[in-house]
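Data block below; observations after.
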Amino acid sequence: MIPYGRQNIIEQDIEAVGAVLRSDFLTQGEVLPAFEERVAAWCGVRYGVAVNSATSALHVACLALGIKPGDRVWTSPNSFVASSNCALYCGASVDFVDIEPATYNMSMDALAEKLEEAERSDALPALVIPVHFCGQSCEMEKLGALARRYGFKVLEDASHAIGASYQGGRVGDCRYSDIAVFSFHPVKIVTTAEGGLATTNNPELAQRMQLFRSHGVTRDETLMTGESHGPWYYQQVELGYNYRMTELQGALGLSQMDRLETFVTVRNRLAERYDAMLSSLPLTTPARRADTRSSFHLYVIRLKLDEIQASHRDVFTSMRAAGIGVNLHYIPIYLQPYYARMGFASGHCPEAERYYAEAISIPMYPDLTDGQQEAVVGALASAVGR
Ligand SMILES: *Cc1c(COP(=O)(O)O)cnc(C)c1O
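Its first residue numbered 5, the sequence shown is counted upward by one per residue in this note's numbering.
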């Protein structure tokens with residue numbers, strides 16, 4: 005089976021992790037801060053806070069932003085459930101803004117319209133979480149302008165998008181947001197096995213995320229109430245969690261960062277090859293916005309079902325039967341039973357549902373060979389009857 009995504013691990017990565025195993029600190033040492041600094045420097049942002057997953061990063065980000073029961077949080081329906089679960093962890097309610105037909109990112113027109121309505125009914129969101137789908141940035145400048153006008157915070161779910169650019173800057177630079185979050189799951193661009201990292205330019209937000217990732221406990225006297233009892237002393241000042249990333253993971257991530265530019269270049273080259281090879285088939289290939297460079301975490305095609313005999317399910321099933329590990333990103337989040345129980349029903353975001361009925365993610369990862377890519381295209385051509 006050719007998988008839809010896969011990590012790239014070389015001897016240098018293995019040696020970096022081995023060196024940590026032979027050292028004194030498996031966690032809470034010097035390697036993790038070096039990894040955080042490396043990612044922050046890459047992005048052109050002041051702070052990086054690494055945690056054990058992007059899900060945890062989204063959670064500590066919401067906590068640092070003060071999301072609480074009664075708040076409203078809006079995100080894209082075309083994402084992994086973690087993008088909205090983070091709001092529920094904080095007791096907030098969630099809603100979904102429909103996607104744009106071309107990029108499958110949150111539509112800024114739909115957002116502007118929903119904000120106007122929400123203002124009239126006094127139900128504005130405290131936070132909006134855009135998702136840079138497949139690694140292509142949302143229209144952050146427009147989102148930033150709406151955030152200023154309506155007074156909400158912005159948390160970018162950039163899980164797909166480390167290495168991507170927008171308007172000449174790097175995704176994660178937080179030019180138009182409060183916090184951005186990356187995932188280092190093995191199918192993503194850079195891996196630490198499991199892991200995530202939040203970036204911000206705001207020192208208080210960085211400090212609060214550091215606190216929430218480690219039990220809400222601090223040894224920093226400036227954060228304490230009253231006097232220190234002595235050199236052993238620490239205080240718990242918030243209800244935090246143990247979301248720490250280990251030194252082994254930090255070492256793997258640091259080593260992987262050496263190849264980030266290569267990873268993104270190779271993924272873009274593979275995407276261009278797919279574009280050319282798929283141009284005569286009855287499907288839509290990914291649209292690029294001129295002011296973005298995608299990191300191509302995923303390559304998603306959309307079937308033109310009115311030009312094909314087979315159904316969406318037929319095409320998906322024949323690809324799997326042909327040994328091609330296709331996938332579907334994403335089922336609209338609100339269609340999940342857990343969300344349906346909150347009252348969401350089909351029809352809530354029609355564009356996301358139309359997309360869901362036609363989309364298939366085909367293999368995309370740096371070690372995908374030209375021959376494997378040809379096999380994918382061959383299987384797809386026969387699945388759609390060409
Ligand atoms: C992968 C992913 C997450 C969760 O990342 P983890 O590191 O697995 O917790 C969140 N949001 C999106 C959009 C993702 O693709």
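Yeah, the Cβ is synthetic: ideal placement off N, Cα and C, and Gly gets one too.
Predicted, not measured: the structure shown is a model, and the values here were computed from it.
Check	Outcome
Using CA atoms only, rank isn't needed, just tell me which of 280, 80, 210 and 192 is closest to residue 52.	210
Does the distance between the C-beta of residue 168 and the nearest non-hydrogen atom of ligand 1 fall short of 7 Å?	no
In the DSSP assignment, find the unbroken alpha helix (DSSP H) run with residue 156 in it and report its ends.	Taken as a continuous stretch (DSSP letters only), residue 156 belongs to no alpha helix (DSSP H), as it is neither H nor E.
Rounding to the nearest angstrom, what Cα-Cα distance links residue 346 and residue 264 in this structure?	40 Å
Can you list the residues near ligand 1, meaning Cβ strictly closer than 6 Å to any non-hydrogen atom, in the order they appear in the chain?	57, 58, 59, 83, 84, 86, 87, 135, 161, 163, 164, 187, 189 and 200
Between residue 251 and residue 84, is the Cβ-Cβ spacing less than 8 Å?	no
Kindly indicate which three-state DSSP category residue 240 falls into: helix, strand or coil?	strand
Just checking my contact of residue 133 with residue 92 at CB under 8 Å: how many whole Å lie between their CB atoms?	Their Cβ separation, rounded to whole angstroms, is 12 Å, which puts residue 133 and residue 92 out of contact at 8 Å.
Compute the Euclidean distance between the alpha carbons of residue 68 and residue 184, then round it to the nearest angstrom.	13 Å
Going by beta-carbon coordinates alone, are residue 306 and residue 362 separated by less than 8 Å?	yes
What is the C-beta distance between residue 136 and residue 164, in whole angstroms, given that I count them as a contact (C-beta under 8 Å)?	6 Å
Roughly how many angstroms lie between the CA atoms of residue 9 and residue 156, to the nearest whole one?	35 Å
Taking the beta strand (DSSP E) that residue 204 belongs to, which residues open and close that run?	200–204
Among 46, 54, 113 and 15, which has the Cα closest to the Cα of residue 215?	54
Leaving aside the five residues before and after residue 20 along the sequence, list all residues of the same chain whose C-beta is less than 7 Å from its C-beta, in chain order.	255, 256, 258 and 259
Over what stretch of residues does the alpha helix (DSSP H) that includes residue 24 continue unbroken?	15–25
Under the DSSP definition of a beta bridge, which residues are partnered with residue 170?	173 and 296
Going by C-alpha to C-alpha distance, which of 269, 301 and 56 sits closest to residue 202?	56
Looking only at DSSP bridge pairs, what is residue 131 linked to?	77 and 157
From residue 351 to residue 376, what does the alpha carbon distance come to, in whole angstroms?	38 Å
Buried or exposed: where does residue 308 fall if 16 or more other Cβ atoms within 10 Å of its Cβ makes it buried?	exposed
Tell me the residue span of the alpha helix (DSSP H) that contains residue 363.	Residue 363 -> not in any alpha helix (DSSP H); beta strand (DSSP E) instead, spanning 363–366.
Would you decide whether residue 207 is buried or exposed? Buried here means 16 or more other CB atoms lie within 10 Å of its CB.	exposed
So, helix, strand or coil for residue 287, using DSSP?	strand
For the beta strand (DSSP E) containing residue 52, list its first residue and its last residue.	51–55
Looking at the unbroken alpha helix (DSSP H) that takes in residue 102, where does it start and where does it end?	Per DSSP, residue 102 belongs to no alpha helix (DSSP H) and is neither H nor E.
Would you decide whether residue 294 is buried or exposed? Buried here means 16 or more other CB atoms lie within 10 Å of its CB.	exposed
Classify residue 70: buried if its beta carbon has 16 or more other beta carbons within 10 angstroms, exposed otherwise.	exposed
Could you round the C-beta distance between residue 174 and residue 66 to whole angstroms and report it? I think they count as a contact, below 8 Å.	So it is not a contact: roughly 23 Å between Cβ atoms.
Tell me the DSSP bridge mates of residue 246?	218
Tell me the DSSP secondary structure of residue 209 in three-state form.	helix
How is the beta strand (DSSP E) around residue 85 delimited, first residue to last?	Where residue 85 is concerned, there is no enclosing beta strand (DSSP E), given that its DSSP letter is neither H nor E.
Among the residues of its own chain, which have a CB less than 6 Å from the CB of residue 369, if the five just before and after it don't count?	9 and 10
Which residue comes first and which comes last in the alpha helix (DSSP H) that contains residue 322?	316–325
So, with DSSP's three-state summary, where would you put residue 271?	helix
For residue 312, which of helix, strand or coil comes out of DSSP?	coil
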